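Chemist: Below you will find the structure I want to go over with you.
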Amino acid sequence: MKDFYRVTEKGEVGAADYYEKKRETVLETIKPICEAFEIADYNYEVKEGGRLEILWVEGTGIDCTRNSIAATVRTLVKFVLAGL
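In the working numbering, each residue carries its 1-based index in the sequence shown increased by 288.
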C-alpha cells in the first residue's frame, strides 16, 4: 500500500518546498481515483504558505487544510460516493 503519510524523506526539501511537493503527491495519488470515476476537473491548491489547502473537484472546493494525504484521499472518496 502507498505510504500516504510521507511526502519526502527528512531533510530532502526545505519548508518552502514542502507544500509544493505535497500538492504534487496529492495529485499523483488521486489521479487514478479521478480517472476511475471519469473526473477530469480536479486540483489541489495550497495558499498562504500552507495555511489553506483546498481540494477542487468539478468546481467544488473542499477544505483539506492540515489534512494528511490519506485524509485527503478519504475526503475525495466520500465526495465521489455522495454524488452517486
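No residue lacks a Cβ here, since even glycine has one placed at the ideal position from N, Cα and C.
Source: prediction; values computed, not measured.
Just the Cα atoms here: how many angstroms apart are T360 and V314?
Modeler: Against the sequence shown, residue 360 aligns to sequence position 72. Against the sequence shown, residue 314 aligns to sequence position 26. Approximately 8 angstroms between the Cα atoms of the pair.
Chemist: For E346 versus Y330, is the C-beta distance shorter than 9 angstroms?
Modeler: Here the question's residue 346 lines up with position 58 in the sequence shown. Here the question's residue 330 lines up with position 42 in the sequence shown. Taking 9 angstroms as the Cβ cut-off, E346 and Y330 qualify as a contacting pair.
Chemist: I'd like to check one pair, V334 with E341: are the Cβ atoms closer than 9 angstroms?
Modeler: Here residue 341 refers to the residue found at position 53 when the sequence shown is read from its first residue. Here residue 334 refers to the residue found at position 46 when the sequence shown is read from its first residue. Yes.
Chemist: The beta strand (DSSP E) spanning T353 covers which residue range?
Modeler: If you number the sequence shown from 1, residue 353 lands on position 65. Per DSSP, T353 belongs to no beta strand (DSSP E) and is neither H nor E.
Chemist: For G349 and chain C, any beta-carbon pair shorter than 9 angstroms?
Modeler: Given the protein chain composition of this structure (a single chain), no chain C is represented.
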